[in-house]
Amino acid sequence: MENKFDKEWLVCNGLGGYASGAINGANTRTYHGLLVAALQPPVNRMVMVAKVEERVRVENKYHDLSTNEYPARVHPDGAQYLKEFQFDEFPCWHYGAESWQLKKSVTMVNGQHTTLVAYKNVGKANIDLEVHPLYAYTSFHAVQHENPTQDFYTTQFANHIKTYAQHGCRPVFTALSAGHFLEGRNWYKHILLARERERGHEHVCDYYRIGYIICTLKPEAELVLCFSLEEENVHNALKGGLASSIKSALKSDSLNASFYRDLLRSGRQFIVDRKSTNGKTIVAGYHWFADWVATP
-19 MENKFDKEWL VCNGLGGYAS GAINGANTRT YHGLLVAALQ PPVNRMVMVA
31 KVEERVRVEN KYHDLSTNEY PARVHPDGAQ YLKEFQFDEF PCWHYGAESW
81 QLKKSVTMVN GQHTTLVAYK NVGKANIDLE VHPLYAYTSF HAVQHENPTQ
131 DFYTTQFANH IKTYAQHGCR PVFTALSAGH FLEGRNWYKH ILLARERERG
181 HEHVCDYYRI GYIICTLKPE AELVLCFSLE EENVHNALKG GLASSIKSAL
231 KSDSLNASFY RDLLRSGRQF IVDRKSTNGK TIVAGYHWFA DWVATP
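Have a look at this one:
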């Protein structure tokens, strides 16, 4: 495949928020994140969930799927297991080796600050999956650093957790459809953001891990993770899962030519709600532009 650091993906939620990253799983911009929320739609964008670290264990052997670049090295380099990347209604990654196959998909719920990440075992061997969400709380223009005021206070419930990055901020709700959450706290430090370095900007950041999810996936089994700013949406999103997002997305047979289908799908992501006017507006561009045009 081509340089997986250079290629990026992006999905939006109709509020000015989005999820985005490099296709190899790395963050290469301050603007990258799994849940970038517009706290005053469509502006005041904050990186709430930076990314997820993933690894699988098959036949007692671990394979890291995620990728991070540090000043001296790339570690881990999960791109070696990335067999295919596709973007239709939403981005899909197909990871695998001789003895295992795993599919990952990411989407956002339209009109909500909610991101869904789904993993499906599409091979024949059982997979023990670990997912380590990395959290942040910073403007998408800024670099996240270890901060003594940010303790990421977390409360666990039956099937979701509630995390405050710091006192007085909006919490992030994290839910899982299967598996278990285990607490284990530490900062991931000195992650290099390659695109910011090229632009001559500050380009080394830190993300925070509060713990990780473990789940054994039998063949055809699925794990869905939900990251949201709205507690009431967490359970609804998990119930509907990716299927509800697929149904609401543009149907693949609605246009004959894939170019025009992709053009229409991409164009729709620029039309967002503006809370201050209770109307629609048009975002000038992603990742960093706000709305320049209002619609009646």
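Quick note on numbering: our numbering labels position 279 of the sequence shown as 259, and the sequence is numbered without any gaps. Where is the CB? At the ideal position from N, CA and C, for every residue including glycine.
Cβ distance (whole Å) where residue i is taken to contact residue j below 8 Å
| i | j | result |
| --- | --- | --- |
| T134 | I190 | 5 Å |
| H112 | V32 | 6 Å |
Coarse secondary structure for residue i, derived from DSSP in three states
| i | result |
| --- | --- |
| A122 | coil |
| N213 | helix |
| I226 | Unreliable positioning characterises I226 in this predicted model, as indicated by a pLDDT of 49, which lies under 50. A coordinate reading is not provided. |
| Q60 | helix |
| N(-5) | Note that residue -5 is Leu in the sequence shown here, rather than Asn. The answer is coil: DSSP assigns L(-5) none of H, G, I, E or B. |
| L45 | coil |
| K219 | helix |
| Y50 | coil |
| I3 | coil |
Spatially closest choice to residue i from the options, by CA coordinates
| i | options | result |
| --- | --- | --- |
| M26 | L209, A217, T261 | L209 |
| N48 | S0, K169, C(-8), S157 | K169 |
| G159 | L197, S79, N127, F132 | L197 |
| L218 | T154, Y11, V(-9) | T154 |
| H55 | I171, E182, Y188 | I171 |
| N40 | R175, A105, W167 | A105 |
| C149 | H121, Y117, I107, Q60 | Y117 |
| H181 | L173, Y188, S157 | L173 |
| T95 | E(-12), N(-7), E212, F(-15) | N(-7) |
| G(-3) | Q249, K260, T257 | Q249 |
| Q66 | I194, Q92, A2, Y192 | A2 |
| L114 | H125, H267, A77 | H125 |
| G91 | L19, D186, Y192, E176 | L19 |
| A138 | D68, I107, L156 | L156 |
Start and end residues, alpha helix (DSSP H) containing residue i
| i | result |
| --- | --- |
| E178 | 174 to 178 |
Residue burial classification, residue i (beta-carbon count within 10 angstroms, cutoff 16)
| i | result |
| --- | --- |
| P51 | exposed |
| Q81 | buried |
| D271 | buried |
| Q146 | exposed |
| V204 | buried |
| N24 | exposed |
| S232 | Confidence in S232 is poor, its pLDDT being 42 and thus under 50, which makes the residue's placement unreliable; the coordinate value appears in the next sentence. Classification for S232: exposed. |
| S119 | exposed |
| A6 | buried |
| A122 | exposed |
| T10 | buried |
| R179 | exposed |
Host beta strand (DSSP E) of residue i (start-end)
| i | result |
| --- | --- |
| D186 | 184 to 197 |
| A30 | 23 to 38 |
| Y11 | No beta strand (DSSP E) holds Y11; DSSP gives it neither H nor E. |
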